[in-house]
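Numbering-wise (the numbering used here), the sequence shown opens with residue 18 and increments by one. We treat Cβ as the ideally placed atom computed from N, Cα and C, and that holds for glycine. Quick caveat: nothing in here was measured; it's all calculated off a predicted structure.
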Amino acid sequence: MRKTELRIRRFEERDLPVLSRLLADGEVMRWLEPPFTPERAEAFLKSAGLCDPPRIWAVEDGDRRFAGYVIYHDYEEDSREIGWVLDRSFWGKGCASRLTEMLTAWARSEGKSAVIECAPEQRATKRIAEKYGFVFAGKRGDCDVWRLEEEGRGKEMEYRRIEASKAEKLWELHKAYKAEIGEEEPGERELERLKKAVEEGRITFYGAWDGETLAGCCSVTVGFSTFDYAPSGMFEDFYIRPEYRHRGAARQLVLLAYRDSGVGTMTVGCADCDRAMYGALGFRVPLGNLLAFE
């Protein structure tokens, strides 16, 4: 899907009519506040959009159509609060994700972290926060607070695809995983099958590398889902060597797998004992029961 071109700019007085329509839309305001009257919208524009520095900024597309606004202002001394409120005609086009990318890059260019506040019921906002490396940091009033994870944490290693030429390194990790969970070690026939699947692109592996040491891995097998009529991925083969755990590598691998694979949704099947771990990594939407045919 082609990304919608977006531009962030300062508000102007001429924006009042389109801003008023946006803030009067009950669906847009569902998790924010009751819909605004024209008088309240005008006061909001003056106090938050026309002030210096602004607390909100207008968003428009490549044809200069008003798309909504973003929140960008001081939160704490070392962070900016970010957010977005979009016209319904721009929903479902990846605009919120694109704006999150732009706003986090803006904050980092200023040497700041970023924070998102949202109502606990705002599942879409939470998914986007997790997708871009935010972690749940507690509550502020009635809002959940999501804070951008420190950029350096977990990034002393290199994260990239594992090519078929590195299958022997991957195999070492697979054998370590099988030994840890008490399963039988796979043999040479399984190794050849794995190499062939990687070479043919039937499965993609991602690795966390500490020099020449493969510290962790995961895989994504891409299919197509009629849930959202877009590519979907099955996340598997997730393992971090014990000496590299609790250093941020797990989250970095999940984020790489999601972004690089190009899927719209990414699912994982796991044992009950692992649900909390995967939930902390962003897999929080239950999809019923996963069953295998035999």
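**Prompt:** Do you know how far the Cα of Cys-135 is from the Cα of Pro-143?
**Reply:** Counting from 1 along the sequence shown, the entry for residue 143 is found at position 126. Counting from 1 along the sequence shown, the entry for residue 135 is found at position 118. A small fix is needed here, since residue 143 is Lys in this sequence, not Pro. Rounded to whole angstroms, the separation of the alpha carbons of Cys-135 and Lys-143 is 8 Å.
**Prompt:** So which of Asp-254, Gly-199 and Glu-311 has the shortest CA-CA distance to Phe-222?
**Reply:** By one-based count along the sequence shown, residue 222 stands at place 205. Answer by Cα proximity: Asp-254.
**Prompt:** Can the beta-carbon of Cys-112 be found closer than 7 Å to that of Leu-120?
**Reply:** As a first step, residue 112 is located in the sequence shown; it is residue number 95 there, counting from the start. As a first step, residue 120 is located in the sequence shown; it is residue number 103 there, counting from the start. Taking a C-beta distance under 7 Å as the contact criterion, Cys-112 and Leu-120 do not qualify as a contact pair.
**Message:** Distance check for Ile-73 and Glu-98, CA to CA, integer angstroms please.
**Reply:** Within the sequence shown, the letter at position 81 stands for residue 98. Within the sequence shown, the letter at position 56 stands for residue 73. Between Glu-98 and Ile-73, the C-alpha separation is close to 10 Å.
**Beta-carbon proximity check, Gly-224 vs Ile-179, cutoff 7 Å** = In the sequence shown, residue 224 corresponds to position 207, counting from 1. In the sequence shown, residue 179 corresponds to position 162, counting from 1. Closer than 7 Å, so yes.
**Reference Ala-122; option with closest CA among Pro-137, Tyr-149 and Lys-110** = One-based indexing of the sequence shown puts residue 122 at position 105. The candidate whose alpha carbon is nearest that of Ala-122 is Tyr-149.
**Prompt:** Hey, Ser-249 and Val-215: beta-carbon distance below 7 Å or not?
**Reply:** Here residue 249 refers to the residue found at position 232 when the sequence shown is read from its first residue. Here residue 215 refers to the residue found at position 198 when the sequence shown is read from its first residue. Not in contact: Ser-249 and Val-215 (Cβ atoms no closer than 7 Å).
**Asked** Are Val-302 and Tyr-295 touching if we call contact CB-CB under 7 Å?
**Response** Here the question's residue 302 lines up with position 285 in the sequence shown. Here the question's residue 295 lines up with position 278 in the sequence shown. Against a cut-off of 7 Å, the Cβ pair of Tyr-295 and Val-302 comes out as no contact.
**Item:** Span of the beta strand (DSSP E), counted from its first residue to its last, around Met-283
**Value:** What you label residue 283 is simply residue 266 of the sequence shown in a count that begins at 1. Residues 282-285.
**Message:** Quick check on Thr-21: does DSSP put it in helix, strand or coil?
**Reply:** One-based indexing of the sequence shown puts residue 21 at position 4. The answer is coil: DSSP assigns Thr-21 none of H, G, I, E or B.
**Bridge partner(s) assigned by DSSP for Phe-252** = Taking the sequence shown and counting its residues from 1, the one referred to as residue 252 is at position 235. Its beta-bridge partners are Val-237 and Val-285.
**Asked** So is Gly-171 buried or exposed if we call it buried at 16+ other beta carbons inside 10 Å?
**Response** In the sequence shown, counting from the first residue as 1, residue 171 sits at position 154. Below a pLDDT of 50, predicted positions are generally treated as unreliable, and Gly-171, at 49, falls in that range; no measurement from the model is reported.
**Message:** Can you tell me which residues form a DSSP beta bridge with Trp-226?
**Reply:** Position 209 of the sequence shown, counted from the start, is the residue given in the question as residue 226. Beta-bridge analysis with DSSP links Trp-226 to Glu-175 and Leu-231.
**Item:** Close Cβ partners of Leu-304 (< 8 Å) along its chain, the five nearest in sequence each way excluded
**Value:** Numbered from 1 along the sequence shown, position 287 holds the residue referred to as residue 304. Excluding residues within five positions, the ones whose Cβ falls inside 8 Å are Thr-284.
**Prompt:** Do the stretch 152-165 and the stretch 177-191 make contact, defined as three or more Cβ pairs closer than 8 Å?
**Reply:** No, because fewer than three Cβ pairs between the stretch 152-165 and the stretch 177-191 fall closer than 8 Å, the two stretches do not touch.
**Message:** So that I know if they touch, is there some Cβ in chain D lying closer than 7 Å to that of Asp-161?
**Reply:** No chain D appears in the structure shown, which is made up of a single protein chain.
**Message:** Quick test of the definition: if touching needs 3 or more C-beta pairs under 8 Å, does the stretch 48-62 touch the stretch 28-38?
**Reply:** Segments in contact, yes.
**Item:** Extent of the continuous beta strand (DSSP E) run through Phe-244
**Value:** Taking the first residue of the sequence shown as position 1, residue 244 is located at position 227. That residue, Phe-244, is in no beta strand (DSSP E); it is neither H nor E in DSSP.
**Request:** Would you identify the three-state DSSP class for Asp-32, choosing helix, strand or coil?
**Result:** Sequence index remark: in the sequence shown, residue 32 carries index 15 (1-based). Residue state, collapsed to three classes: helix.
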